[in-house]
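Heads up: the structure comes next, in structure tokens.
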Amino acid sequence: MENLERILTEHPFLTGMDKKHIQTLVGCASNVAFKEGEFIFKEGSDADSFYFIRHGRVQIETHVPQKGAIVIRSREAGEILGWSWLVPPYKWHFDARAVELTRAIVLDGKCLRDKCEDDHDLGYEIMKRFNLIIAERLEQTRFQLMDVYGKNAK
Amino acid sequence: MAKMQNKSKTSDISLIDPMLVQAYTIQRVVRETFDTFSLELEPQSGGGEFKFAPGQFNMLYVYGVGEVPISISGDPSKEKPLIHTTRAVGTVTKAMKNLKVGDTIGIRGPYGSSWPVKEAEGYDVVIVAGGIGLAPLRPVIYYLLQHRNKYGRIVLLYGTRTPEDMLYRKQLEKWRSRFDLETYLTVDRATGSWRGNVGVVTTLIGRAPFDPLHSVAVVCGPEIMMRYTVLELLKRGVDEEKTYISMERNMKCGIGLCGHCQLGSSFVCKDGPVYRYDNIKHAFTMWEM
Ligand SMILES: Cc1cc2nc3c(=O)[nH]c(=O)nc-3n(C[C@H](O)[C@H](O)[C@H](O)COP(=O)(O)OP(=O)(O)OC[C@H]3O[C@@H](n4cnc5c(N)ncnc54)[C@H](O)[C@@H]3O)c2cc1C
Ligand code: FES
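Residue numbers (our numbering), protein chains in the order written: chain S, 1308 to 1461; chain P, 32 to 320.
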């Protein structure tokens, strides 16, 4: 537990968060590891967690008929994987697969949602942090959709 | 703080007659990707070395078709061959793609300003390339590596549409294995065996190892990619005055006479293509409208 608390405290995503809030998070956290090629979650399944990636790389994929899996994003050590646990109906929109041995701390989304309901200060802290992530990913997705290196791009 | 200025260098050829087209023979054609190729050229006159500064361009004349500006993508310290990497997009560049070893092509140049290799001495250097934008940056990478002890960390961030669109793949492999150059590659989307980064090139900026307060950034790629990249560099703390971009505009004369390449009060062929960001940002954002 002490180890989890230290790792979470040092994570940039939680910089400046109250010790008591971190301790609440630790109550919903555990260590996980995924082998190369292993799916972390699959499109359409329940989004009941999110991950602090500590080591390795994860690819976020979607399946396109006749083309197979297309990788649309990767996540690395130091990054957060998954925010669908925050938004009803709490389903994953993509597949996530470890491309190499990946170690992470997983946070139980249901557990954390309940704690955020009980303690709105914690809820606000979590929302602020996820807002930044969601805004950044929206911007990156827009940039990606522009297909700037495509035939008609300048 | 001393202001960094755009520098330009003029070749011996330009001093003789800047409009003079010299005939070159194609010695080698390298197919880089399905639509991009490099031409290795030697002068038919057998003349001396072709001096250029990293970031400069030549006007390439496909006889009977037309002339286009293309950056020099070879090693500035090597006398020969003269190398250009071109993506076939329209009339002239598609005709150029059909040229073969032994064919003749006309060259005049080199023209324009260059990357700030002197101004960057003592700093970390962050090189951000998107797509074909690696071609105008390759000479600066050669230069920095040849003068390695004059610089802090050197970081190359390169993004393309897919893994198949990456230029100079063998060279990228070599650069990745060097201890004195940090190379990060990413693609906008991937299928199959690609196990590397997937995401736009700006996603690399936040985690690349350089000191933003002590870095010079050089950026080349499509304008929209450069705009997002500069925003991300500034967000990380890199100074506008230490951020350089390379602009493209249609050109005719290439030497500041015809006004074809005008960008605000500046001529891209003469004052650019390499600009310090704070000197061009008005025109850069004008393009948004
Ligand atoms: C200073 C400078 C350096 C350059 N360096 C390089 C280089 O190293 N390698 C290189 O491949 N190109 C480079 N370019 C761009 C190159 O000059 C143009 O791609 C070329 O002029 C297009 O001519 P074209 O006759 O083939 O196409 P056109 O017939 O003029 O255009 C046909 C179509 O292609 C589109 N198009 C034109 N230019 C581009 C472009 N740059 N990117 C995507 N689509 C385009 C047009 O919008 C049009 O739809 C540089 C441009 C400048 C100003
Ligand atoms: S191309 Fe003629 S002024 Fe620039």
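Where is the CB? At the ideal position from N, CA and C, for every residue including glycine.
Cβ-Cβ distance between residue i and residue j below 8 Å
i        : j        : result
R118(P)  : T191(P)  : no
K181(P)  : E213(P)  : no
L1414(S) : F1357(S) : yes
G285(P)  : P74(P)   : no
V1406(S) : R1444(S) : no
F241(P)  : R184(P)  : yes
P170(P)  : D106(P)  : yes
A1336(S) : L1321(S) : no
K266(P)  : S246(P)  : no
E98(P)   : M90(P)   : yes
S104(P)  : P167(P)  : yes
I219(P)  : Q1451(S) : Inspection of the sequence shows that residue 219(P) is occupied by Asp rather than by Ile. Yes.
A160(P)  : Y189(P)  : yes
V250(P)  : V132(P)  : no
P253(P)  : G162(P)  : yes
L1408(S) : E1343(S) : yes
M257(P)  : I276(P)  : yes
I1412(S) : N1338(S) : yes
F1429(S) : K1422(S) : Note on identity: in this sequence residue 1429(S) is Leu, with Phe being the wrong assignment. Yes, Cβ-Cβ distance for L1429(S) and K1422(S) is below 8 Å.
F1346(S) : A1403(S) : yes
F88(P)   : G143(P)  : yes
V229(P)  : Q1447(S) : no
Chain P contact for residue i (CB, 8 Å cutoff)
i        : result
F1320(S) : no
R1380(S) : yes
K1422(S) : no
M1434(S) : no
Y1456(S) : yes
I1387(S) : no
Q1366(S) : yes
A1405(S) : no
M1453(S) : yes
F1346(S) : no
I1360(S) : no
I1377(S) : yes
K1398(S) : no
Q1373(S) : no
F1450(S) : yes
Q1447(S) : yes
Residues near residue i in its chain [Cβ-Cβ closer than 7 Å; skip 5 each side]
i        : result
R238(P)  : none
G268(P)  : P243 and L244
W1392(S) : A1354, D1355, S1356, F1357 and G1416
E1317(S) : none
I292(P)  : The amino acid occupying residue 292(P) in the given sequence is Cys; Ile does not appear at that position. Around C292(P): R280, N281, M282, F298, V299 and C300.
D177(P)  : Before going further, note that residue 177(P) is Gln rather than Asp in the sequence given. Closer than 7 Å at the Cβ level, and outside the excluded window around Q177(P), lie S108.
V96(P)   : T122, V123 and A126
Sequence-distant residues of its chain with Cβ nearer than 6 Å to residue i (five each side left out)
i        : result
H1362(S) : A1384 and R1410
V148(P)  : Y174
M1453(S) : none
S42(P)   : Confidence is the limiting factor: at S42(P) the pLDDT is only 41, short of 50, which leaves the residue's position unreliable and the question unanswerable from this model.
E271(P)  : Y308 and D309
V186(P)  : V157, E213, A239 and F241
V52(P)   : Y92, G137 and R139
A33(P)   : Because the pLDDT at A33(P) is just 40, under 50, the model does not fix this residue reliably, and the value given afterwards should be weighed accordingly. Nothing meets the Cβ criterion.
Closer than 8 Å to chain S by CB, residue i
i       : result
A248(P) : no
N281(P) : no
G230(P) : yes
P304(P) : no
W146(P) : no
D242(P) : no
T56(P)  : no
M256(P) : yes
R192(P) : yes
Y259(P) : yes
R307(P) : no
D106(P) : no
A221(P) : yes
G162(P) : yes
Cutoff 8 Å; reference residue i; Cβ partners in own chain excluding five residues on either side
i        : result
L294(P)  : M278, R280, G303, I311 and A314
E263(P)  : T233, I236 and G237
Q1330(S) : E1312
T62(P)   : The sequence as given places Arg at residue 62(P); Thr does not occur at that position. The residues are F68.
Closer than 7 Å: residue i CB and nearest ligand 4 heavy atom
i        : result
A1340(S) : The ligand content of the structure shown is limited to ligand 1 and ligand 2, which means ligand 4 is not among them.
Query raised in the report: Quick one: complete beta strand (DSSP E) runs, 3+ long, within the region 1333-1411 of chain S?
Result: Taking only runs of at least 3 residues, the beta strand (DSSP E) segments lying wholly in the region 1333-1411 of chain S are 1336-1341, 1346-1348, 1356-1362, 1364-1371, 1375-1383 and 1402-1405.
Query raised in the report: What are the complete beta strand (DSSP E) segments, minimum 3 residues, inside the region 258-291 of chain P?
Result: Secondary structure within the region 258-291 of chain P: the beta strand (DSSP E) runs of 3 or more consecutive residues, fully enclosed, are 274-277 (chain order).
Query raised in the report: Any residues whose CB sits closer than 6 Å to a heavy atom of ligand 2? List them in chain order?
Result: Matched residues: M282(P), K283(P), C284(P), G285(P), G287(P), L288(P), C289(P), G290(P), H291(P), C292(P), F298(P) and C300(P).
Requested in this report: Please specify which runs of the beta strand (DSSP E), each continuous and at least 3 residues long, are wholly inside the region 44-96 of chain P, giving them in chain order.
Outcome: Entirely contained in the region 44-96 of chain P, the beta strand (DSSP E) runs reaching 3 residues are, in chain order, 53-62, 67-74 and 88-93.
**Report entry** alpha helix (DSSP H) runs wholly inside the region 117-195 of chain P, at least 4 long, in chain order
**Finding:** The region 117-195 of chain P contains these whole alpha helix (DSSP H) runs: 122-128 and 165-177.
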